[in-house]
Amino acid sequence: MLEIIDKKVIESPIVKGMIEATDNMWRMGWDERNGGNISYLLMEDEIIPYIDTTRVLRTLKLNFPVPELAGKYFLVTGSGKYFKNVKNNPSDCLGIIQVSDCGSDIDILWGLENDGQPTSELPSHFMSHIARLEVDPNHRVIMHNHATNLLAMTFTHELDENEFTRTLWQMCTECVVVFPHGVGILPWMIPGTDAIGKKTAEKMKEFELVVWPHHGVFGAGATIDETFGLIETAEKAAQIYTIINSHQGGVMQVITDAELLELAKAFGVTPKSGVLKAN
Ligand code: 13P
Ligand code: ZN
């Protein structure tokens, strides 16, 4: 019986999407070892055909109650799980969880076999979901990874949010269109804590992208594809930044602020104010 349920869940579009995302992220080099985690807010109709939501496998206590998420279902990656291995062992590496009615526990409904735990970054994920849902009713996905060039850039670029954002926008023409709100940046903090969760969520009220210096990045979006694409675009810009800064001839020309403003106007987006000098 359990095997039939597992097979059904593994073949569901939501789990297939998660397998594809974790595999792509690993192949991008963003998720070495167990680096990175994803949580996906599930609608009831996405899981009802696949699992019996009354069958609770285990209940875990949260140190950080989230009454705002009471009753909500999430597909999450497991703590310590290698993204490289998700496709071969989804029911060990992933889990479907439901937040209890009071918001202080989670019920595991599927996966996280062998006594697995949801990602250690669950405080940042849950608090960010709360923050994003307040500003974006279509919000569904929080994605964290160790995107190589964004991480590198936190060593070589000043960590002022406006300056960091401006540099990224300058690197590829489409950046300002893909993330017009720019990039939020935290101070260096200990990962996996409620404290970094609170700070990340504060930034998530304003930004879809939050950089953790010398660690990685958090992205938010309506779909896995959109969130992956958001991180991919910022990461590409950071890669260009690193390439041109190691070039002996240095930078010879840039997209000017006036051109970026013209571009934003042409694409109907409003760039975060205070970033572009002519703004
Ligand atoms: P988890 O394996 O607990 O998800 O942690 C990975 C990580 O990237 C921590 O920041
Ligand atoms: Zn991490």
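Start counting the sequence shown at 8; every next residue gets the next number (the working numbering). The beta carbon of each residue, even a glycine, is placed where N, CA and C say it ideally should be.
**Request:** Scan the stretch 165-230 and note each continuous alpha helix (DSSP H) run of 4 residues or more that stays entirely inside, going in chain order.
**Result:** 168-178, 182-185 and 201-211
**Request:** Kindly indicate which three-state DSSP category Leu64 falls into: helix, strand or coil?
**Result:** Locating residue 64 in the sequence shown gives position 57, counting from the first residue. In this structure, Leu64 counts as coil in the three-state DSSP scheme.
**Request:** Compute every distance between the C-beta of Glu70 and the non-hydrogen atoms of the ligand 13P, then say whether any falls below 6 Å.
**Result:** Here the question's residue 70 lines up with position 63 in the sequence shown. Per the sequence shown, residue 70 should be read as Asn rather than Glu. No, Cβ of Asn70 sits at least 6 Å from all heavy atoms of the ligand 13P.
**Message:** Is any non-hydrogen atom of the ligand 13P found closer than 6 Å to the C-beta of Thr126, if you look at the structure I gave you?
**Reply:** Start at 1 with the first residue of the sequence shown, and residue 126 comes out as number 119. Checking every heavy atom of the ligand 13P against the Cβ of Thr126, one is found closer than 6 Å.
**Message:** Can you tell me whether His151 is helix, strand or coil according to DSSP?
**Reply:** Indexing the sequence shown from 1 puts residue 151 at position 144. DSSP places His151 in strand when its eight states are reduced to three.
**Asked** Is the closest heavy atom of the ligand 13P to the C-beta of Pro220 under 6 Å?
**Response** Within the sequence shown, numbered from 1, the residue matching residue 220 stands at position 213. No, the Cβ of Pro220 stays beyond 6 Å of every heavy atom of the ligand 13P.
**Request:** Could you tell me the boundaries of the alpha helix (DSSP H) in which Asn70 lies?
**Result:** Residue 70 sits at position 63 when you count from the first residue of the sequence shown. Premise fails: Asn70 is in no alpha helix (DSSP H) and is neither H nor E.
**Item:** As assigned by DSSP and simplified to three states, the class of Thr84
**Value:** Taking the first residue of the sequence shown as position 1, residue 84 is located at position 77. DSSP places Thr84 in strand when its eight states are reduced to three.
**Cα-Cα separation, Gly228 to Gly256** = The count along the sequence shown starts at 1 and reaches residue 228 at position 221. The count along the sequence shown starts at 1 and reaches residue 256 at position 249. C-alpha separation (whole angstroms): 38 Å.
**Request:** Note the first and the last residue of the continuous beta strand (DSSP E) segment covering Leu116.
**Result:** On the sequence shown, residue 116 is found 109 positions in, with the first residue counted as 1. Where Leu116 is concerned, the enclosing beta strand (DSSP E) stretches over Asp112 to Gly118.
**Nearest-angstrom Cα separation, counted from Leu129 out to Asn44** = Along the sequence shown, read from residue 1 onward, the residue named residue 44 stands at position 37. Along the sequence shown, read from residue 1 onward, the residue named residue 129 stands at position 122. Whole-angstrom Cα-Cα distance: 9 Å.
**Request:** Out of Val83, Val218, His222 and Pro72, point me to the one whose CA is closest to Ser111's CA.
**Result:** The residue labelled residue 111 in the question sits at position 104 within the sequence shown. Minimum Cα distance to Ser111 is reached at Pro72.
**Item:** Exposure of Glu242, with buried meaning 16 or more beta-carbon neighbours within 10 Å
**Value:** For this step, residue 242 is matched to residue 235 along the sequence shown. Glu242 is buried by the Cβ-count criterion.
**Message:** As a quick exercise: from Glu239, Leu101 and Trp195, pick the residue whose alpha carbon is nearest that of Ser46.
**Reply:** Sequence index remark: in the sequence shown, residue 46 carries index 39 (1-based). That would be Leu101, whose Cα lies nearest to the Cα of Ser46.
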